[in-house]
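S.K.: Next up is a structure, given as structure tokens.
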Amino acid sequence: MAKPRAWQKMLSGRRLDLLDPTPVDIEIEDIAHGLSFVARWNGQTQGDFPYSVAEHSLLVEQLYAHANPRTPAKWRLAALLHDAPEYVIGDMISPVKAAVGPGYDMLEARLAAAVHIRFGLPATLPDTVRRQIKRADKASAWLEATRIAGFTEPEADRFFGRPDAAILSRFGISLRPPREVRAAYTARHGELMKQLG
Numbered sequence: 123m124a125k126p127r128a129w130q131k132m133l134s135g136r137r138l139d140l141l142d143p144t145p146v147d148i149e150i151e152d153i154a155h156g157l158s159f160v161a162r163w164n165g166q167t168q169g170d171f172p173y174s175v176a177e178h179s180l181l182v183e184q185l186y187a188h189a190n191p192r193t194p195a196k197w198r199l200a201a202l203l204h205d206a207p208e209y210v211i212g213d214m215i216s217p218v219k220a221a222v223g224p225g226y227d228m229l230e231a232r233l234a235a236a237v238h239i240r241f242g243l244p245a246t247l248p249d250t251v252r253r254q255i256k257r258a259d260k261a262s263a264w265l266e267a268t269r270i271a272g273f274t275e276p277e278a279d280r281f282f283g284r285p286d287a288a289i290l291s292r293f294g295i296s297l298r299p300p301r302e303v304r305a306a307y308t309a310r311h312g313e314l315m316k317q318l319g
């Protein structure tokens with residue numbers, strides 16, 4: 123019996139093996155393209171365009187930098203790339219991840235490690251950085267939930283924790299066509315890579 127295909131062909135021409143991903147098969151253009159078409163909240167958001175994982179990632183990087191103003195560029199890059207595996211596995215909402223079980227987490231971790239290595243980051247982020255990025259991710263989720271996903275503020279407080287007042291007054295949600303988000307994501311990645319030298 124033939125082994126099932128576990129790789130996906132990317133628009134760059136790369137073949138990414140999902141079970142054994144290698145850094146050489148990862149291109150930022152593929153990540154930006156894929157994430158700009160992956161909708162957060164399973165597409166259940168208000169507006170003329172879906173709120174993409176690429177747009178979310180740009181916001182998380184900004185929120186992370188706001189909370190950690192002296193952080194090195196490499197950790198800002200890690201924040202931008204925090205959901206990069208979703209360019210091939212999609213954005214599963216938390217209830218689906220819980221139903222799928224640990225297999226999803228292992229797949230996501232392998233892909234994240236390959237992405238990190240490809241762009242000069244450690245395969246596994248330091249716990250402190252990972253926790254800080256998670257806080258920015260939750261702040262972004264709160265903003266998204268209350269601004270475009272139909273959650274009340276008390277519901278969002280319960281699920282994501284309420285961000286501080288400075289975040290609420292300074293950061294918003296924007297919806298753009300995928301091509302604009304893709305370009306913004308790629309440009310931000312380029313800026314951070316340049317800062318890394």
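Numbering (my numbering), first residue to last: 123 to 319.
Glycine is no exception: its CB is placed at the ideal position from the N, C-alpha and C atoms.
As the structure is a prediction and not an experimental result, all values here were calculated from the model.
1) For Gln317, count neighbouring Cβ atoms within 10 angstroms of its own Cβ and tell me buried if that reaches 16, exposed if not.
2) Which of the three DSSP states, helix, strand or coil, is assigned to Gln130?
3) Rounded to whole angstroms, what's the CA-CA distance from Asp147 to Pro276? Just pull it up for me.
4) Does Ala161 come out as helix, strand or coil in the three-state DSSP assignment?
5) Enumerate in chain order the residues of its own chain whose CB-to-CB distance from Leu314 is below 7 Å, with the five nearest sequence positions on each side excluded.
6) Closest to His204 by C-alpha separation, out of Glu177, Asp279 and Gly225, would be which residue?
7) In angstroms, rounded to a whole number, what distance separates the CA positions of Arg162 and Arg269?
8) What is the residue span of the alpha helix (DSSP H) that Arg240 lies within?
9) If contacts are defined as beta-carbon pairs under 8 Å, then Thr167 and Ala271 qualify, I think. What distance do you get, rounded to the angstrom?
10) Just the Cα atoms here: how many angstroms apart are Ala154 and Tyr307?
11) Under a three-way DSSP split, which group does Ser262 fall into?
M.R.: This is what the structure gives:
1) Here the question's residue 317 lines up with position 195 in the sequence shown. By the Cβ neighbour-count rule, Gln317 is exposed, with fewer than 16 other Cβ atoms within 10 Å of its own.
2) In the sequence shown, the residue the question calls residue 130 occupies position 8. It is a strand residue.
3) Taking the sequence shown and counting its residues from 1, the one referred to as residue 147 is at position 25. Taking the sequence shown and counting its residues from 1, the one referred to as residue 276 is at position 154. A straight line joining the alpha-carbon of Asp147 with that of Pro276 spans about 43 Å.
4) What you label residue 161 is simply residue 39 of the sequence shown in a count that begins at 1. In this structure, Ala161 counts as strand in the three-state DSSP scheme.
5) By 1-based counting over the sequence shown, the position of residue 314 is 192. The residues Ala195, Arg198, Leu199 and Leu202, in chain order, have a CB closer than 7 Å to that of Leu314 in the same chain once the five nearest residues on each side in sequence are set aside.
6) As a first step, residue 204 is located in the sequence shown; it is residue number 82 there, counting from the start. Nearest of Glu177, Asp279 and Gly225 to His204, Cα basis: Glu177.
7) Position 40 of the sequence shown holds residue 162. Position 147 of the sequence shown holds residue 269. Looking at the two C-alpha atoms, the distance is approximately 13 Å.
8) As a first step, residue 240 must be located in the sequence shown, where it is residue number 118. In this chain, the alpha helix (DSSP H) harbouring Arg240 covers Pro224 to Arg240.
9) By 1-based counting over the sequence shown, the position of residue 167 is 45. By 1-based counting over the sequence shown, the position of residue 271 is 149. At roughly 5 Å, the Cβ-Cβ gap stays under 8 Å, so Thr167 and Ala271 are in contact.
10) Within the sequence shown, residue 154 is the residue found at index 32, counting from 1. Within the sequence shown, residue 307 is the residue found at index 185, counting from 1. Between Ala154 and Tyr307, the alpha-carbon positions lie close to 6 Å from each other.
11) If you number the sequence shown from 1, residue 262 lands on position 140. Three-state result, Ser262: helix.
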